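Novice: Each residue of the sequence shown is one higher than the last, beginning at 20 in the numbering used here. A virtual CB, placed ideally from N, CA and C, is assigned to each residue, including glycine. All of these numbers come straight from a predicted model, not from anything done at the bench. Sharing a structure, written as structure tokens. Questions coming.
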Amino acid sequence: MQVTTGEEQETAKRICERIDGVRIILPMRELSEKSGGKWRTVTRVMLTGYLFIRLDELRDAATIWHGVRRTDGVLRILGEMLPPDMERLTALANGGEVWRVSRCRVTDGRLCIYDGPLKGHEDWVTGFDRHRKRAQVEIHIGDEFHRIQLGLMQD
20 MQVTTGEEQE TAKRICERID GVRIILPMRE LSEKSGGKWR TVTRVMLTGY
70 LFIRLDELRD AATIWHGVRR TDGVLRILGE MLPPDMERLT ALANGGEVWR
120 VSRCRVTDGR LCIYDGPLKG HEDWVTGFDR HRKRAQVEIH IGDEFHRIQL
170 GLMQD
């Protein structure tokens with residue numbers, strides 16, 4: 020579902036207060052950002068403006084959607100995600116844990132991720148910015164492809 024950008028966590032909390040047993044997916048990520056000439060690690064929402072609900076665990080989806088639709092901050096309810104995209108989203112959600120910065124090396128022009136949550140998912144990476152310390156990953160939501168920036172440090 021689409022929600023007000025910047026209010027994802029507050030909207031998720033309001034939904035959980037209204038509907039017992041609902042499971043919200045709000046993927047978070049850790050990034051390195053440069054500010055004042057110094058690098059610092061910050062935690063940000065991975066897909067700004069979006070929240071996800073797992074309906075396969077709930078008994079009455081119509082009641083859930085009715086309650087969600089009336090929650091402040093919810094802008095639009097989107098359709099179902101295709102299974103491959105849902106699998107990627109579930110992996111990116113990391114079991115509710117923050118997606119930490121991964122570590123990599125570039126060998127013979129090939130990206131080799133040896134530590135962190137991106138390890139084993141090198142095929143997801145569509146771009147790498149070594150200066151900003153970020154990997155780009157794409158995910159399909161509704162009718163659109165979204166590019167997500169994930170933390171990736173090169174040795």
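Flag this pair as touching only if the stretch 95 to 110 and the stretch 119 to 133 have three or more C-beta atom pairs under 8 Å; answer yes or no.
Specialist: No, the stretch 95 to 110 does not touch the stretch 119 to 133.
Novice: Using DSSP with H/G/I as helix, E/B as strand and the rest coil, what is His159?
Specialist: Within the sequence shown, numbered from 1, the residue matching residue 159 stands at position 140. Strand at His159.
Novice: Could you tell me the alpha carbon to alpha carbon distance between Lys138 and Gln173, rounded to whole angstroms?
Specialist: Numbered from 1 along the sequence shown, position 119 holds the residue referred to as residue 138. Numbered from 1 along the sequence shown, position 154 holds the residue referred to as residue 173. Going by the C-alpha atoms only, they are around 13 Å apart.
Novice: Give me the residue from Trp118, Gly146, Glu157 with the minimum Cα distance to Leu50.
Specialist: Residue numbering aside, residue 50 sits at position 31 when the sequence shown is read from its first letter. Comparing Cα-Cα distances from Leu50 to each of Trp118, Gly146, Glu157, the minimum goes to Trp118.
Novice: To the nearest angstrom, report how far apart Pro103 and Ile160 are at their CA atoms.
Specialist: As a working note, residue 103 is residue 84 in the sequence shown. As a working note, residue 160 is residue 141 in the sequence shown. Looking at the two C-alpha atoms, the distance is approximately 11 Å.
Novice: According to the neighbour-count rule (16 or more other Cβ atoms, all chains shown, within 10 Å of its Cβ), is Thr67 buried or exposed?
Specialist: Stepping through the sequence shown from its first residue, residue 67 is reached at position 48. Exposed, because fewer than 16 other Cβ atoms sit within 10 Å of the Cβ of Thr67.
Novice: Note down the Cα distance separating Glu26 from Arg33, rounded to an integer number of angstroms.
Specialist: Walking along the sequence shown from the start, residue 26 turns up at place 7. Walking along the sequence shown from the start, residue 33 turns up at place 14. About 11 Å.
Novice: Flag this pair as yes or no: are the beta carbons of Leu101 and Ile158 separated by less than 8 Å?
Specialist: By one-based count along the sequence shown, residue 101 stands at place 82. By one-based count along the sequence shown, residue 158 stands at place 139. No.
Novice: Run the CB neighbour count on Ser54, radius 10 Å, all protein chains shown included, and call it buried at 16 or more, exposed below.
Specialist: Numbered from its first residue, the sequence shown carries residue 54 at position 35. Ser54 comes out exposed.
Novice: What are the start and end residues of each continuous beta strand (DSSP E) run of 3 or more residues lying completely inside the stretch 29 to 98, in chain order?
Specialist: Counting whole runs of 3 or more residues, the stretch 29 to 98 contains the beta strand (DSSP E) stretches 47 to 54, 57 to 64, 93 to 95.
Novice: Find out if the Cβ-Cβ distance for the pair Lys20, Leu74 is shorter than 8 Å.
Specialist: The residue given as residue 20 occupies position 1 in the sequence shown. The residue given as residue 74 occupies position 55 in the sequence shown. The displayed chain sequence assigns Met, not Lys, to residue 20. Contact: no.
Novice: Return the residue from the list Arg48, Ala31, Asp91 that minimises the CA-CA distance to Ile72.
Specialist: Taking the sequence shown and counting its residues from 1, the one referred to as residue 72 is at position 53. For Ile72, the nearest C-alpha among the options comes from Ala31.
Novice: Going by C-alpha distance, which of Val22, Arg48, Gly40 is nearest Leu111?
Specialist: Start at 1 with the first residue of the sequence shown, and residue 111 comes out as number 92. When only C-alpha atoms are compared, the closest one is Arg48.
Novice: Mind reading off the beta-carbon distance from Cys35 to Ile43? Whole number of angstroms is fine, and I expect it under 8 Å.
Specialist: Position 16 of the sequence shown holds residue 35. Position 24 of the sequence shown holds residue 43. The Cβ separation is near 6 Å, so the contact holds.
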